[in-house]
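Comments concern the structure below.
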């Protein structure tokens with residue numbers, strides 16, 4: 296047995312030696328991940344929005360009469376009705392219910408959208424201002440913002456107020472849009488509202504005539520300069 300083992304140990308091995316592999320002390324870094332789009336970053340860091348499906352509240356008889364007066368032909372009654380809605384909307388505990396009351400936003404949009412006649416300009420301006428102020432109050436709670444912004448004609452009405460008004464109504468229309476823009480899902484829709492960026496640009500830059508109005512020529516000038524700046 297000792298002779299056999301000594302014999303086999305002297306036989307040369309037929310296996311090839313394994314190649315020696317040295318560890319690379321300076322490995323190349325891995326390629327960085329591709330940059331994410333701003334929409335992905337906002338979506339990942341934004342709080343999940345609540346389910347906004349809700350039951351609409353039918354107005355009680357007294358409130359229903361106020362809503363009808365806000366859409367009526369009598370400017371005095373419309374102004375008083377909008378004043379009552381403004382007071383109700385200023386109460387935080389009622390803001391959610393009011394924003395989801397059938398017909399309430401319709402009445403506010405109607406009153407804010409009506410152009411003041413020259414015969415009763417002061418009363419009509421008061422009605423519009425009170426209606427826009429009520430919209431501003433209802434735009435404050437985050438659970439209201441999508442409902443308010445997506446209401447038919449509301450955003451376009453705020454743009455019209457910014458263009459036509461020179462006082463408190465314009466200020467509150469800008470404030471309402473600022474509040475509505477706090478909700479991310481509203482921002483894309485805002486960019487599709489006709490005339491919104493022009494009106495806000497003109498208002499922020501103070502591009503008004505001597506009476507404080509944003510006339511179409513001024514708005515066209517703002518749009519022309521914006522297009523020229525974008526193309527340069």
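Residue numbers (the working numbering): 296 to 527.
Cβ coordinates follow ideal geometry from the N, Cα and C atoms, glycine included.
Note that the structure is predicted; figures quoted are calculated from it, not measured.
In angstroms, rounded to a whole number, what distance separates the CA positions of residue i and residue j?
i	j	result
residue 370	residue 467	21 Å
residue 407	residue 372	14 Å
residue 333	residue 479	12 Å
residue 517	residue 323	Confidence at residue 517 is low in this model, with a pLDDT of 47, below 50, so the placement of that residue should be treated as unreliable; the coordinate-derived value is given next. Their Cα atoms are separated by approximately 52 Å.
residue 471	residue 330	34 Å
residue 442	residue 394	7 Å
residue 379	residue 327	60 Å
residue 522	residue 350	At residue 522, the pLDDT of 42 sits below 50, so the modelled position is not reliable and the matter cannot be decided from this model.
residue 473	residue 384	18 Å
Where does the unbroken alpha helix (DSSP H) through residue i begin, and where does it stop?
i	result
residue 465	463–475
residue 339	333–340
residue 378	370–384
residue 484	479–485
residue 366	Note, residue 366: premise wrong, no alpha helix (DSSP H); not H, not E.
Bridge partners for residue i per DSSP, in chain order?
i	result
residue 352	396
Measuring alpha carbon to alpha carbon, tell me which of the options ends up nearest residue i.
i	options	result
residue 365	479, 402 and 412	402
residue 405	482, 316 and 456	456
residue 482	499, 448 and 440	440
residue 388	422, 416, 436 and 417	436
So, using beta-carbon positions, are residue i and residue j closer together than 8 Å?
i	j	result
residue 485	residue 429	no
residue 469	residue 425	no
residue 400	residue 446	yes
Establish whether the CB of residue i and some CB of chain C are separated by less than 8 Å.
i	result
residue 381	Of the chains in the structure shown, none is chain C; there is only one protein chain.
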